[in-house]
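The block underneath contains the structure these notes are about, expressed in structure tokens.
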Amino acid sequence: MNLSYRIYYVFYRNLISYKRFVLTTFVVSLGQPLFYLITFGIGMGAYMGYFGGKPYLNFLVPGVLVSSVMLSSTFECLYGTFVKVTYQKLFDSLIATPVSAEDAIAGEVAWGAFRGLISGSLMLVVATFMHVYPVSIVNVLLLLVLMVFIGILFGSLAMIVTSFAPNFDFFNYYTELIITPMLFFSGVFFPLDRFPGWMKFFAKFLPLTHAVNISRSAFSGEPSPGLALDFLYIILLESAAFYIGIKLMKRRLIK
Amino acid sequence: MNSKNPVIVAKNLTKKYGNLTAVDGISFEIHEGECFGFLGPNGAGKTTTIRMIHCVSPITSGTVTVLGKPSHIDNREIKLITGVIPQEINLDPDLTVYENLMIFAKFFDIPHIESKKRVNELIDFVELESKRNSKIDELSTGMKRRLLVARALLNNPKLIIADEPTTGLDPQARHLIWERLRSLKSRGTTLLLTTQYMEEAEQLCDRLMVMHQGRILKEGSPRQLISDEIGREVVEIRIAKEEDEKLIAQMADLACGHERVGDTLYFYCRDGHELMKKIVDFNLPNVLNRPATLEDVFLKLTGRSLIE
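One line per chain: the protein sequences are A and B, in this order.
Residue 5 is where the first sequence starts when you use my numbering, and the numbers rise one by one after that.
Residue 640 is where the second sequence starts when you use my numbering, and the numbers rise one by one after that.
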């Protein structure tokens, strides 16, 4: 692992180019989660009534928020990175400078995480307008930290997929078969209590399940049991994904 | 002119992709302040060789050093002192001309104030003042190539590697790039150039090597290569193949080399004068007597048939 502070330069390059797209990405990264909040939260919520003593929207917001982080960082490190690697040849010019391949890849993951953080923060603002927000400032900070962790995790997982993707279409397998189902198996829209045993067991392996748990605790201020384990699971998976993502992507870049 | 300090030393440098040997155990030295050319057809191993030199492609076996430091994939020191003009235009399309250079300067740890000054100088140097705030896709190919030259100079490199820097350019743009490269050489920068254009090699290179199928076929100055391989003059005669034997026998006492390629019989001579006198007697149509060029050397060494 030949990592250095130059990760920041790669991040900075993305930031400079981002200023031209910033408004369009706001619309895009808010679109889908907002759609979930409105349809499920308000539409379905009207039928659901109270949910654990609070309106359904309060149940829904923490999960949708971490999902929006997941989606943004995933898409950035799938499509965004793929374009830079194959069409723009940007990585070829990067690695001819003192920036190493590892720096470049880690910089992309960091950028994906940042995009996730922006999406999540926007959701937080929107939810606040809907009168749903974490119980304290400390919990807001905790939530922001969580977003960074989830961003790095899903950015790294996406990097692994990008490292062997032959073309854009390949990404559909990952988003349709893994990311979208994860939304429904991780307790974002309904609690997992009434899942049969094997489905509960399966859900425990999904990183989003743990992220949703932490997020929900941050909003409600009631620490759920196993909060530490949730964090531990995310950090372990994230470290592995980050390492493997860099190794595999480096193999694609350097021949 | 050439002090003999070696800048690049390669020993048995080899690169294999699976079963394919792209570079086959080549050894060479490039000296400080000279312009050294890699000449060869597509697939000769030129680009692979330079990618190993500037540390972006792993070496299968053998070694290459840059200013005494061994090249390997993680050597940031070599990348820090090398400027690369790539064959493929890989400018950042999301950024303007100015931003492209400023960001690149950052990659080399150049402080912001220093970068600003250098970027402005370099934009002048490659005559892109009017395009300073243009996006990359608003530039012509010639402008893009000039910007690549400027980008390669940001870190004041001791070594410049130019991989077919004038591919796809019109003659005006090509001459401008040549002129800029010559002016760098006159400042003492060592230049490594790969090219398929013989004129480019003759214009720029002090020494060159002809590569083919991963090996070095010949090495020397352009003039020396021409005189060793071809002589001074070439006589091209477009006649039917059946006439060859008779004609060659007639010229035997003149000590010229000969070669038949397609519809043409070539004679390579020290002095074409005597040969021409004889040929006039035969009263042949379609005869051309011209000075030998690097292109003759290239074609003789790498074969005149198409290389895919």
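C-beta atoms are modelled at their ideal positions from N, C-alpha and C, and glycine is treated no differently.
Since we're looking at a predicted model, the values are computed, not measured.
Look at the beta carbons and you see the segment 818-831 of chain B touching the segment 792-802 of chain B: at least three pairs across the two are nearer than 8 Å. Across the set D663(B), R877(B), D802(B) and R846(B), the C-alpha of R877(B) shows the shortest separation from the C-alpha of N922(B). The DSSP assignment places complete alpha helix (DSSP H) segments of no fewer than 4 residues inside the segment 132-205 of chain A at 141-167, 174-178 and 184-189, in order along the chain.
Around the Cβ of F175(A), a 10 Å sphere holds 16 or more other Cβ atoms; the residue is buried. For M74(A), the uninterrupted alpha helix (DSSP H) segment begins and ends at Y60 to F79.
Interface criterion met: the Cβ of R17(A) is under 7 Å from a Cβ in chain B.
Taken through DSSP and simplified to helix, strand or coil, I878(B) comes out as coil. The CB of V723(B) comes closer than 8 Å to the CB of A100 in chain A, given here in chain order. Using beta-carbon distances, V103(A) counts as an interface residue toward chain B, with a partner under 7 Å. Contact with chain A is found for P732(B), since one of that chain's Cβ atoms lies less than 7 Å from the residue's Cβ. Straight-line measurement puts the Cα of T833(B) at about 24 Å from the Cα of F747(B). In the three-state DSSP reduction, S104(A) falls in the coil class, being neither helix nor strand.
Of all C-beta pairs linking the segment 108-124 of chain A to the segment 156-165 of chain A, three or more are shorter than 8 Å, placing the two stretches in contact. In the DSSP assignment, V14(A) falls outside any beta strand (DSSP E) and lies within the alpha helix (DSSP H) extending over I11 to Y22. When Cβ-Cβ separations below 7 Å define contact, R757(B) makes no contact with chain A.
For P697(B), the residues of chain A that pass the 9 Å Cβ criterion are I258 and K259, in the order they occur in the chain. The C-alpha of S710(B) is placed about 27 Å away from the C-alpha of T806(B). The shortest C-alpha to C-alpha distance from R10(A) to any of K643(B), R715(B) and K708(B) is the one to R715(B). Going by DSSP, M850(B) is part of the beta strand (DSSP E) stretching over R846 to H851. With respect to the 7 Å criterion, A683(B) and M848(B) are not classified as neighbours on the basis of their beta carbons.
The contact set of K93(A) on chain B, defined by CB atoms closer than 7 Å, consists of E727 and N729 in chain order.
Residue pairing of A801(B) in beta bridges, as defined by DSSP: I724(B) and L832(B). The Cβ-Cβ distance between S71(A) and L187(A) falls below 7 Å.
At the C-beta level, V703(B) and A789(B) stay beyond 7 Å of one another. Excluding the 5 residues flanking it on each side, S219(A) has same chain C-beta neighbours closer than 8 Å at P66, G67, L69, V70, L147 and L150, in chain order. Annotated three-state conformation of G47(A) is helix, per DSSP. Interface annotation for the segment 679-694 of chain B against chain A: H693, criterion Cβ-Cβ distance under 8 Å. From the beta-carbon of S21(A), the residues of chain B found nearer than 7 Å are D733 and L734. DSSP, read as helix, strand or coil, puts T699(B) in coil. Against chain B, the beta carbon of S167(A) has no neighbour under 9 Å; the closest one sits roughly 17 Å away. Proximity to D776(B) across N925(B), D713(B), N739(B) and N651(B) peaks at N739(B), based on C-alpha coordinates.
N6(A) belongs to the set of residues whose beta carbon lies under 7 Å from a beta carbon in chain B. For D663(B), the uninterrupted beta strand (DSSP E) segment begins and ends at L659 to H670. In this structure, the beta-carbon distance from V136(A) to N62(A) falls below 7 Å. Annotation for L82(A): no alpha helix (DSSP H) segment contains it, and DSSP assigns it neither H nor E.
Between the alpha carbons of N729(B) and Y91(A) lies a distance of about 9 Å.
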